[in-house]
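Quick note on numbering: the numbering used here labels position 48 of the sequence shown as 48, and the sequence is numbered without any gaps.
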Amino acid sequence: MEIWASQTTSQQLAQAFAANAMPQEFQNIVPSYFHVFEDVFSKALFDSLLECKRWDHVIELLLDSTPSSCKVYPLMPREQEELDTFLQENLDSSHIHPSKSPMASLVFFIKKKDGLL
């Protein structure tokens, strides 16, 4: 399946602006009363979380139903790279597992205050 998606003008402008943005430190972004929770937001400590347990749960689909078509939202090249990297890293570390669903979920990026996606 090939998806024909292109960038919008607003995406191009946002990407150009993000390229010039400087990353900020946690203490400068988050209010001081949340500084005690810095370890909760640490990317480095993410791998030390408890191991996820695999549960078998299935959403049963109707046999005679057909998936509905939905709008495909184009991703900026930077967003697509971030998504690919995120998925590969988390598949490799077993934090996520490949989906068996015939449907896909939309992915929206919300820029963090430090400029990262």
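Virtual Cβ for every residue (Gly too), placed ideally from N, Cα, C.
- Between the C-alpha atoms of VAL40 and PRO31 there is a straight-line separation of about 15 angstroms.
- Nearest in C-alpha terms to GLN12, of all of TYR73, LEU62 and PRO77, is PRO77.
- In the three-state reduction of the DSSP assignment, PHE109 falls in the coil class.
- With contacts defined as CB atoms closer than 8 angstroms, VAL107 and LEU91 fail to qualify as a contacting pair.
- Comparing alpha carbon positions, the residue from MET22, SER93 and LEU116 closest to GLU81 is LEU116.
- Each residue's CA atom was taken as its position, placing ALA44 and HIS95 some 14 angstroms apart.
- CA-CA distance, PHE86 to THR8, rounds to 23 angstroms.
- Contact annotation: GLU79 and PHE109 have beta-carbon atoms nearer than 8 angstroms.
- Note on LEU63: under 16 other CB atoms within 10 angstroms of its CB, so exposed under the neighbour-count rule.
- Annotation for ALA19: no residue places its beta carbon closer than 8 angstroms to its own, counting only its chain and skipping 5 residues before and after.
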